[in-house]
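Protein chains in written order, with our numbering: chain A, 1 to 344; chain B, 345 to 688; chain C, 689 to 1032; chain D, 1033 to 1376.
Cβ atoms here follow ideal geometry from the backbone N, Cα and C, with glycine treated the same way.
Single-structure report; data block below.
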């Protein structure tokens, strides 16, 4: 398959190139960057020295790229992918967008939280969280790759929602992310001396991943859903830990919870259940496409606390994109992703 | 005042020595360690080279130390301070225990969570969280210095509880601590390569600071209180950030919340209010006795999210102890503590 | 090929298992640990959950393991591999020792620096630094895998030594390592709060990698060689940077130096030359088997400063072992190692 | 004394404000910033909330500031202080410049390394490294505060130079600094994800601190001096460790070296000698004005390895400035600086 990467110079783009190098059926044919057109990727990312020798192109002639590609991965800021997809609507090329443009069923929700007009509201799209939407991904024209915080949160909560064990209006997700999630553009907040040896929250009550989690949980549970989502910045490079709280419904026992997780994820290679009482840690999934999940039942407060860990650049971005790509192409879902995490 | 430090070789003990050096009215006369008796403190903590020249003593002859001291600070593991205090009950020496032995009104709660029998249940003690119990501290014989997580949590929640703005049975505290909170004994979990570039939760649903927070909030609100407390380990040295969630009572407005914080903390030097929408960060209080607090109102979920940051070794341990010492002695409460945080 | 790993529970052992999982021609048949016999590897290293299902065995019946293996990797502390190798001397199994037992031509040097008697001085061994000793590795019975600091140092200095451009008695290697190099046993010096946000040297003038570097450079240059080696601990997980200084011989020009590097490493996949004036960085090789090298000429002092970066657990241990294994087996040298570094 | 800080918004400026707050004889009257004129310092540095309530001014009317100040601290980029000093030449105000403008006896050296013309070559200046130039500092009109790397390097080498124990043309200084040394302006190289968990060298063979070290050592030894200086960036906030190598002169014994250090620094409060074989570490001086020094003799190579650690923002900048201020004013040299380092 001929694949192209638009916006290859962000962290997710570079990670995609790292993973695709291991993929025997993917041949990277175009990589683009508007601000670094004509440069080589290793002048921006020296760790890739020796791996890719093509130059970064402009995506101005997007039709030509679309005609020359079987799949296009988009690593652009939100608002751009809808334009690209519209321009390529009539071509056979398929699209995996790592941004938010195609994650919402209801574009009004997208517009309300992202503050831009959606220009391709009727795009034939699916939500790209493979473990929960695998069948839809298979034949999709456009895949809206799930976000990083949302992947961790939804995977932790889905079994509880699906088995109707929790009050879906009581959910709180307290999430913590490494700094690569904030992108590669230097700014004071992410300047090393400011962030290092420091911990803080940001975007309380208005982070854009909130409606994305609500959409998925509401659909899975088929119940009204309301979520408090609070992101924090951890002084580390990669990794997300989501700590999810929910009130248990009357009569829910720990055993019912155990069964819900086992039933939903029993066959999932990329989900590793640590069981009741376990402690996922971000380093144990670093560099891999795994989502490690555990849960605790607090009998005093009658709440469940679900914990999940992912690498935000892999299962939260590039790895998940390749997983979706594998499904969409009919390849073994693990192709290029069957690697152990890098520890310590 | 002649002061002594029992268990001076833990991180809190060393921090106490750092702070007491700045105190013009405190003269450190005895420091003890059972495992390092006869050694100098700078052989264990070279950063203190040149500051203290006495040797570490054994506390076996605790009566002699008690007779030679006006104040004793105790930095021993829980279970030891009650023995010390009992042995010194008839002496004029006063005690500030940095451990948990004297934090609970009801020793049955202590015994249930700490799994030891309390041998001095009728000790004349007060809870050492100065901003809320200042008057009691003034004349106390024994001060049970508040814990690190608890200080951050209680100070963040107290105004909401006191003004009856929240459902005190809905509280969730998601707390994050630097690694000094785990003490100085090496173990695999805190071995640098394991913890570095990593993030995880621990002790979900059964951390011992849970009942301490519940006791204080229940008393302040005079309402039944139930709290979910979840600690996490941040790959940094010092600092605690507490993210506290609570359901707002019917009709509570953001302005009422603002007023509650301002009313309670208006005159408090060591509490810095960042206001509604603010973001405390651990580095902005590092090395200082400040507790920075902010709050957010999520109108969608009708919850308040309160955030607080402290240095766990200062306001969460040694600094708070000196603050209590100042109050108990009638000194200016800021003595030795009127220093700016060390940033970055 | 059936391979076994003795001492699989150290960081190098675990890294070996991570890499070998990618190797299509290696089948791990035995893994051993004396202190964790009977346990699964993922109980010790949860990141490997799902990758290896065999139990850790004792190596007490080493003959049985030797008979059932084509290759044995040894990740034991120095002093053990010589015993293992002697016990298996008559079997066809071949050995790659990640420790120091088989790194020295002259066992008297080993004994002087390691303070143990060498019990297998006439072992048929080769020094396992593939780029410089590839031919010898092909048919070796026992391969003494080069050390981590030594790999970085020797690869940086070898072209200068081989082309006789430097005074080999003037060499200073100022090396810096991440903390995984210190192993997995918890101790105060490597306790997170002590090492984090800290930097220091250790073992000045008597680190055991000194004679190993001297041996290689002396042999390559065929000149008397004397090296000052100073290791430092960097608060990070993986990675070594070696800063190497040497006086240039009379008349040596920058161009001669450039030519020396290019000539020696022109065809080497795992050596990436950043050229004169370049700056290798440890993160750009993290998780990979690359050694990035650059050099600077200080015309004022007539010295060359050579810089090299490796991942101490990969090119400095497990990756190099697999590279040697590939050579020894006649496989493509890049098998299981043709992966891009993980950045950032 | 009325003191002002020009360029108060850099890390050194903010650190100066932190330290001056402790100074009973210093009253900060003006703080300036051209890019943040009219703002409060705590809007830029929230850790200073509550400590300074004046606004940042422009320094456009520098005469007015000069007339209203007894001392001016300058934290501006090089090239500005000479203009300020010239403008205030006729006023009684005295100046401590934290930059490089007044560090060189020979302004031609300054011009060659800093690439600007010196516009005040005959300024009545002294080099502000108190331990070595204390007498000159007392009555100086302009004090060129020593640089961070240079302070660590010179203090480590001075006893060897002064006692003529080393070949001053053989010196190599391999230095390592925390990231605060690179200033507060965000750029890709210091973006958290790039620098974190990473280690590299920079400015090999042409760092501007090279001639500053050479000037001091040449003067102290009264011998021709040539130094190789290599800085590295450590993924930590504060701290410098300098590893200094020099060839010993014929017949120099370890005891002569010990004596040289003891003789020169015997009475110095801010220099803590860890002795022969010791290991200074940056965390043991963090937040303090100490310079910890140790030395090792390598008998094999007949070299001495001297190690020194400082906090680059304190002894390497703001603390040293206050020390110079104390000397210049006739105050106790330790005023505002007699604090223990913050550990861990």
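Tell me, please, which residues DSSP counts as bridged to residue 57(A).
32(A)
Is the stretch 1043–1051 of chain D in contact with the stretch 24–43 of chain A, if contact means three or more CB pairs nearer than 8 Å?
no
What do you get for residue 619(B), buried or exposed, if any count of 16 or more other CB atoms within 10 angstroms of its CB means buried?
exposed
Please give the ranges of any beta strand (DSSP E) in the stretch 164–220 of chain A, keeping only runs that are unbroken, at least 3 residues long and fully inside the region.
171–177
List, from N- to C-terminal side, the beta strand (DSSP E) runs of 3 residues or more that fit wholly inside the stretch 1327–1365 of chain D.
1335–1342
Taking the straight line between their C-alpha atoms, what separation do you get for residue 632(B) and residue 908(C)?
57 Å
What do you reckon, are the CB atoms on residue 242(A) and residue 152(A) nearer than 8 Å?
yes
Measure the beta-carbon distance from residue 440(B) to residue 429(B) and round it to whole angstroms, keeping in mind my assumption that it falls under 8 Å.
Not a contact, Cβ separation roughly 11 Å.
If we ignore side chains and look at the alpha-carbon of each, how far apart do residue 998(C) and residue 796(C) end up?
29 Å
Ignore the nearest five residues each way along the sequence and tell me which others in residue 570(B)'s own chain have a CB closer than 6 Å to its CB.
513
What is the rounded straight-line gap between the Cα of residue 374(B) and the Cα of residue 400(B)?
7 Å
Smallest Cα separation from residue 437(B): which of 550(B), 580(B), 418(B)?
418(B)
For residue 171(A) and residue 328(A), believed in contact at Cβ under 8 Å, the rounded distance
Not confirmed; about 30 Å, so no contact.
Quick check: the Cα distance between residue 340(A) and residue 699(C), rounded to an integer number of angstroms?
14 Å
Is the CB of residue 1192(D) under 8 Å away from at least one CB in chain A?
no
Any chain D beta carbon closer than 8 Å to residue 840(C)
no
Under 8 Å, with one C-beta from each stretch per pair, do the stretch 187–195 of chain A and the stretch 1206–1218 of chain D reach the 3-pair mark?
yes
Per-residue burial, residue 1149(D) [other beta carbons within 10 Å of its own, 16 or more giving buried]:
exposed
Would you list, in chain order, the members of the stretch 320–336 of chain A that have their beta-carbon closer than 7 Å to a beta-carbon of chain C?
none
Collapsed DSSP secondary structure at residue 699(C) in the structure displayed
helix
CB contact below 8 Å: residue 275(A) versus chain C:
no
For residue 1284(D), tell me which candidate among 1192(D), 1073(D), 1102(D), 1164(D) has the shortest Cα-Cα distance.
1192(D)
Minimum Cβ-Cβ distance from residue 868(C) to chain B less than 8 Å:
yes
Mind checking if residue 978(C) is an interface residue toward chain B, Cβ cutoff 8 Å exclusive?
no
Residue 778(C) touches chain D at which residues, Cβ-Cβ below 8 Å?
In chain order: nothing, as chain D lies at least about 40 Å away.
Taking only the alpha-carbon atoms, compute the straight-line gap between residue 228(A) and residue 644(B) and give it to the nearest angstrom.
9 Å
With distances taken Cα to Cα, identify the nearest neighbour of residue 1156(D) among 1170(D), 1144(D), 1334(D).
1170(D)
Three-state secondary structure assigned by DSSP to residue 624(B):
coil
Decide if residue 752(C) is buried, meaning its Cβ has at least 16 other Cβ atoms within 10 Å, or exposed.
exposed
Among 851(C), 716(C), 919(C), 734(C), the one whose alpha carbon lies nearest that of residue 946(C)
851(C)
8 Å is my cut-off, CB to CB: does residue 22(A) come that close to chain C?
yes
Measure from the C-beta of residue 1313(D) to each C-beta in chain C and report whether the shortest distance is under 8 Å.
yes
Near residue 1080(D), which residues of its chain fall below 8 Å by C-beta distance, leaving aside the five closest residues on each side in sequence?
1046, 1049, 1050, 1073, 1074
Just checking my contact of residue 691(C) with residue 714(C) at CB under 8 Å: how many whole Å lie between their CB atoms?
5 Å
Taking 8 Å as the cut-off, decide whether the C-beta atoms of residue 1298(D) and residue 1312(D) are in contact.
no
Rounded C-beta distance between residue 887(C) and residue 1268(D)? I'm assuming under 8 Å.
6 Å
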